[in-house]
Amino acid sequence: MKTSQTYRKQGFTLIELLVVIAIIAILIALLLPAVQQAREAARRSQCKNNMKQFGLAMHNYNDAHGTFPPGYITKTPCTSSAVWSACNQGELGIYGWGTFVLPYIDQAPLYNLLNAGSATLDQNLANATVRQALQQPMAVFLCPSDPGPNLNDYVSSSNNYNFTVTDGTTSYQIARSDYVMVANAWDSTTPPVYATQYGPAHGIGFANSSIRFRDITDGSSNTILVGERAYVYKSNNKVGGANAIGFSASNNTQSSSYARKGNGIAVIGLTYNGINAIAGAEHDVRGFSSNHVGGAHFVFCDGSVHFLSENIDYKKGSVSSATHLQDINSTFQRLAVRDDGQVVGEY
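Just so you know, we're using the UniProt record's numbering here: the sequence shown kicks off at 1 and counts up by one.
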């Protein structure tokens, strides 16, 4: 005799479902920051590796040429009153330090294509094939933590800094960079400029520089070579970053002398307001910044890479003190110059 049994299918109640969903939501909320931190740690590590490559490239360049690469090359640097009114006059395009280290960062084909010893930057821009290569982003020049675009379209509304480049007729955006050579301390504009007012540059990379290891009397482990500068800092502060290859000397709409010396900030930087300062685009674009929490990476002249805190000892120096190395009174300034002869503090 068969016995029939009734089976009732048991399901979840609404309250049980809500509890499970709530638990899952809590777990996701707890997990998400950890995932974001892990991703940022990876991005930070890649950025540090980029800077390490630049340190090695600079040393290889030095082995081949006997000096560190110039911050940028110009026919008429703004170093005296005799050329002040004609800074970079007649030059549309100027190659920066990034061009000269290309063969040492696995970019020899691009270096050969640019033919920088014969063709000017503006001439290369007029060539569609070369222009396309100039607009090709290079991962080694980009910090993964920076949300900026691959091409630099930055134009400062306050100082009219213009990081696009021109062939004499049309302005173009070229590959962006997040790294600049250190030119000087203090709060002057891009050095070396009018020497009577600002004094000479005491960093490693500036107009027509050719700094040797023997010139770094403070020691290569105590002198910054390259630092970070973000295109967008803290999501909403547009700083401008830098350019990988070079800049235009006369694409600025301000007075010609100011514009032509000022656009050198596309490839070099100053300590200016410290690290990660927000003081207005006019000033931030001259300094160093990053989207890493708490500071920025710097590669030193010995090739080592250090993360410097945004709280590093820093006191802003005035333009008038620029000729007096003994007036340097902060750790960050001391790290930025090669020959002040002072003891570097903790950093």
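All C-beta atoms in this analysis are idealised placements derived from N, C-alpha and C, irrespective of residue type, glycine included.
Check, Outcome
"For N184, the residue or residues it bridges with in DSSP", "L270"
"Residue range of the unbroken beta strand (DSSP E) whose run includes Y95", "G93 to Y95"
"Per-residue burial, S289 [other beta carbons within 10 Å of its own, 16 or more giving buried]", "buried"
"7 Å CB neighbourhood of A183 in its chain, flanking five on each side removed", "G71, T190, P191, A201, G203, G205, F206, I268, G269 and L270"
"Cβ contact check for the stretch 301-310 and the stretch 221-240: 3 or more pairs under 8 Å", "yes"
"At least three beta-carbon pairs within less than 8 Å, the stretch 98-110 to the stretch 292-300", "no"
"Buried/exposed call for V293, threshold 16 Cβ in 10 Å", "exposed"
"Cβ shell of L56 (< 8 Å), same chain only, five flanking positions each side left out", "Y104 and G303"
"For G341, three-class secondary structure by DSSP", "coil"
"Closest residue to S309 among T67, I275, A336 and I15 (Cα-Cα distance)", "I275"
"Other residues of its chain near C47: CB distance less than 8 Å, five sequence neighbours each side excluded", "C143, P144, S145, D178, E228, S290, H292 and H297"
"Selected residue, minimal CA-CA separation from D153, among N243, S220 and Q136", "N243"
"Helix, strand or coil at T170 [DSSP, three-state]", "coil"
"Pick from Q123, E16 and S210 that is closest to F247, judged by C-alpha positions", "Q123"
"Coil, strand or helix - N297 by DSSP", "The sequence shown places His at residue 297, not Asn. Strand, per DSSP."
"Start-to-end residues for the alpha helix (DSSP H) that takes in L151", "Taken as a continuous stretch (DSSP letters only), L151 belongs to no alpha helix (DSSP H), as it is neither H nor E."
"Burial state of V20, where buried means 16 or more other Cβ atoms lie within 10 Å", "exposed"
"Under the three-state DSSP convention, the category S45 falls into", "helix"
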